[in-house]
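Trainee: To start, I am sharing the structure in question, which I have written as structure tokens.
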Amino acid sequence: MRHTLPLAPQFYVTAPQPCPYLPGRMERKLFTALQGDQAEKLNDALSRQGFRRSQNVLYRPSCAECQACYSARIRVADFEPSRSQWRVIKRNAVLRRRASSPWATEEQFALFRTYLDGRHAAGGMADMDIFEFAAMVEETPVRSRLIEYHSPDGGLRGVCLTDLLDDGLSMVYSFFDPAREKDSLGTYVILDHVQIARELGLPYVYLGYWVPGSDKMGYKARFGALEVYKRGQWQPIGDPASYSVETHPLSVDPIAEQVARIHLPDARPTRA
1 MRHTLPLAPQ FYVTAPQPCP YLPGRMERKL FTALQGDQAE KLNDALSRQG
51 FRRSQNVLYR PSCAECQACY SARIRVADFE PSRSQWRVIK RNAVLRRRAS
101 SPWATEEQFA LFRTYLDGRH AAGGMADMDI FEFAAMVEET PVRSRLIEYH
151 SPDGGLRGVC LTDLLDDGLS MVYSFFDPAR EKDSLGTYVI LDHVQIAREL
201 GLPYVYLGYW VPGSDKMGYK ARFGALEVYK RGQWQPIGDP ASYSVETHPL
251 SVDPIAEQVA RIHLPDARPT RA
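This is the structure we're talking about:
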């Protein structure tokens, strides 16, 4: 007996390229297109299996001999801010949240460029122009919102492109004013998303990938009630220092086996 969809998505693998998180390593991704009537259900189902969305593509790392990337999410019901995170909430209490449909503006792009220049000048997005930025924000086949954070005088301080999943909020991409480092705006945006999810009765906030050994991604381990997708299931992160970033040629299953274990939405049993 086989399980299939009327129109099953096809999965592909990218060519290896330099890893943006760990120096000296090569990155490879497993991905599929996100389109059609099944787009939202597919986004929901694959997000629960460690995938992330970028425009109309769903992907997750599938490097040849490295398993250092873990999809991370916060259990909203169990989350309590630490003392330092409470201070972040108080420092940013004056900000005003504004949610809208994903529509790019020049003001957002100006903040985006300032953020990249200040934090990721050598990153893969460093050369993005306003048209590419608009595509990143607006090309979404699923329920997405653009959440802005404004100061009392109306100035834009932070932005997050967020997907609404059936079991939580997925923070697709966020950026903020890097000049206000003491305000810890990146932390605040995550804390506020936990609050939004709580208000909506959603159990999780998906943070993207946590990469032990990467300074860029290490901050995610500082959030309580954190789970990582490991060996095909979500589990508490435990001690972040216990995770190894060593490579091994047999650490990653063949692509065909990975794809065979992916659960697709509304799979129907059919006779062989």
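Residue numbering for the sequence shown follows the UniProt record's numbering, beginning at 1 and increasing consecutively.
Glycine included, C-beta positions come from ideal geometry on N, C-alpha and C.
So what's A68 in DSSP terms, helix, strand or just coil?
Mentor: Counting from 1 along the sequence shown, the entry for residue 68 is found at position 68. A68 falls in the coil class under three-state DSSP.
Trainee: Let me know if T14 comes out buried or exposed under the rule of 16 or more other beta-carbons within 10 Å of its beta-carbon.
Mentor: Locating residue 14 in the sequence shown gives position 14, counting from the first residue. The residue in question, T14, is exposed, as its Cβ has fewer than 16 Cβ neighbours within 10 Å.
Trainee: On the DSSP letters alone, give me the boundaries of the alpha helix (DSSP H) that M136 sits inside.
Mentor: As a working note, residue 136 is residue 136 in the sequence shown. Element bounds for M136: 130-138.
Trainee: Are the beta-carbon atoms belonging to Y219 and P178 less than 8 Å from one another?
Mentor: Position 219 of the sequence shown, counted from the first residue, corresponds to residue 219. Position 178 of the sequence shown, counted from the first residue, corresponds to residue 178. Taking C-beta atoms as the reference points, Y219 and P178 fail to come closer than 8 Å.
Trainee: Consult DSSP for T162 and reduce its assignment to one of helix, strand or coil.
Mentor: The residue given as residue 162 occupies position 162 in the sequence shown. Note: T162 maps to strand in three-state DSSP.
Trainee: Please state whether DSSP places W103 in a helix, a strand or coil.
Mentor: Indexing the sequence shown from 1 puts residue 103 at position 103. If DSSP states are grouped into helix, strand and coil, W103 belongs with coil.
Trainee: Just to confirm my understanding: we take L30, look at its own chain, exclude 5 residues before and 5 after, and list those with CB closer than 7 Å. What are they?
Mentor: Against the sequence shown, residue 30 aligns to sequence position 30. For L30, where only same-chain residues beyond five positions count, the Cβ hits under 7 Å are F11, V13, Y59, R60, S62, I255, Q258.
Trainee: Leaving out five residues before and five after Y243 in sequence, what residues of the same chain have Cβ atoms less than 6 Å from its Cβ?
Mentor: Here residue 243 is taken as the residue at index 243 of the sequence shown, counted from 1. Taking C-beta separations shorter than 6 Å and ignoring five residues to either side along the sequence, the partners of Y243 in its chain run P212, following chain order.
Trainee: Between H193 and R231, what straight-line distance do the alpha-carbon atoms span, to the nearest angstrom?
Mentor: On the sequence shown, residue 193 is found 193 positions in, with the first residue counted as 1. On the sequence shown, residue 231 is found 231 positions in, with the first residue counted as 1. Cα to Cα, H193 sits roughly 27 Å from R231.
Trainee: Indicate whether the contact test is met: 3 or more Cβ pairs, each with one atom in the stretch 140-154 and one in the stretch 80-100, closer than 8 Å.
Mentor: Here the stretch 140-154 makes contact with the stretch 80-100; the two share three or more CB pairs at distances below 8 Å.
Trainee: What distance in whole Å lies between the Cβ atoms of Y206 and S170, which are believed to be in contact at a cut-off of 8 Å?
Mentor: In the sequence shown, counting from the first residue as 1, residue 170 sits at position 170. In the sequence shown, counting from the first residue as 1, residue 206 sits at position 206. Their Cβ separation, rounded to whole angstroms, is 4 Å, which keeps S170 and Y206 in contact under 8 Å.
Trainee: According to DSSP, which residues form a beta bridge with T32?
Mentor: Start at 1 with the first residue of the sequence shown, and residue 32 comes out as number 32. Answer by DSSP bridge pairing, in chain order: F11, L58.
Trainee: Distance check for R48 and D163, CA to CA, integer angstroms please.
Mentor: Reading the sequence shown from its first residue, position 163 is the one you call residue 163. Reading the sequence shown from its first residue, position 48 is the one you call residue 48. About 13 Å.
Trainee: Rounded to the nearest angstrom, what separates F176 and V189 at their Cα positions?
Mentor: Here residue 176 corresponds to residue number 176 of the sequence shown, with the count starting at 1. Here residue 189 corresponds to residue number 189 of the sequence shown, with the count starting at 1. Whole-angstrom Cα-Cα distance: 9 Å.
Trainee: In or out: Q233 buried (at least 16 other Cβ within 10 Å) or exposed?
Mentor: As a working note, residue 233 is residue 233 in the sequence shown. Counting Cβ neighbours within 10 Å, Q233 comes out exposed, since fewer than 16 surround it.
Trainee: So for L169, helix, strand or coil by DSSP?
Mentor: Start at 1 with the first residue of the sequence shown, and residue 169 comes out as number 169. In the structure shown, L169 falls within a strand segment according to DSSP collapsed to helix, strand and coil.
Trainee: Quick one: residues in its chain with C-beta nearer than 6 Å to the C-beta of S144, no 5 flanking neighbours on either side, listed in chain order?
Mentor: Mapped onto the sequence shown, residue 144 falls at position 144. Sequence-distant Cβ neighbours of S144 in its own chain, meaning closer than 6 Å and more than five residues away, are P102, D163.
Trainee: Which partner residues does G208 have in the DSSP bridge list?
Mentor: In the sequence shown, counting from the first residue as 1, residue 208 sits at position 208. Per DSSP, A72.
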